[in-house]
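What follows is one structure encoded as structure tokens, with my remarks underneath.
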Amino acid sequence: MTDIPSSQHGVTELLLAWRAGDEQALDGLVPLVYEELRRIARRHLRREQPGHTLAPTALVNEAYLRLINAQLVKWQDRLHFFAVASRIMRRVLVDTARAKRANKRGGSAKRVTFDDSLAVSTERAFDLVALDDALEALALADPRKARVVELRVFCGLSVQEIASVIGVSTDTVTRDWKFVTSWLKRELGGEPA
């Protein structure tokens, strides 16, 4: 992850204060984490199908609305916050994709293009709903491996950061990642994870 313009301790302290009910802590936290949240959002959106309508700013804003209702989360530290934010962004994108599929034929919604969505991705897009379904199935069988995928693919954490977040060795994360990439390729019909 890239460094944000504050110490990790400052973010952690604000998270803990927010969890304790200090609403002003959230106001202090947002400017410190905003750029990192946009980076995570861009990472999510690079993997979207062509023609998606969410921009990184819109995705961050939607995730923020859901995050402010997550006060009961027992925040551990900065990495935990970004992992939860990334998971929320994934949920927003999956919900949007499911709604789009439901309205695919005859939907009356007008399409709006945002400036950030004009960027062309060089990565191959994949079916987010299929990936979400596969991850849900994996989470039932092995929650830790599903968490490794979320933290690696959607949050962009390194092996060391993932090991720290979930409390296992880096070797365990590496083994889980190797297993999961093969498993996802099979589940998604040969598409890369």
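Going by numbering that gives the first Met the number 0, the final residue of the sequence shown carries number 192, and the count climbs one at a time with no gaps.
Glycine included, every Cβ here is placed at the ideal spot set by N, Cα and C.
For A82, the three-state DSSP class (helix, strand or coil): Reduced to three states, the DSSP call for A82 is helix.
Might you give, ordered along the chain, the residues of its own chain that have their beta carbon closer than 7 Å to the beta carbon of K144, omitting 5 neighbours on each side? Hits under 7 Å: L137, D175, F178 and V179.
Once you ignore the five residues that flank A82 on each side, which residues in its own chain have a CB closer than 6 Å to its CB? Result list for A82: L150, C154 and V164, in chain order.
In terms of residue numbering, what span does the alpha helix (DSSP H) encompassing D76 cover? Element bounds for D76: n/a, residue is neither H nor E.
Buried or exposed: E34, going by 16 or more other Cβ atoms within 10 Å of its Cβ? Exposed, by the Cβ-count rule.
Which residue wins for smallest C-alpha separation from R41, given the options S157, T169, I87 and T56? Closest option to R41, Cα to Cα, is T56.
So what's E186 in DSSP terms, helix, strand or just coil? Here E186 sits in helix by DSSP.
In the DSSP assignment, find the alpha helix (DSSP H) that holds L127 and state where it starts and stops. Where L127 is concerned, the enclosing alpha helix (DSSP H) starts and stops at L127 to A140.
A62 and A98: beta carbons closer than 7 Å? Not closer than 7 Å, so no.
Please report how far the alpha carbon of E186 lies from the alpha carbon of T52, in whole angstroms. Roughly 27 Å between the two C-alpha positions.
Is DSSP giving E34 helix, strand or coil here? DSSP, reduced to helix, strand and coil, places E34 within a helical segment of the structure shown.
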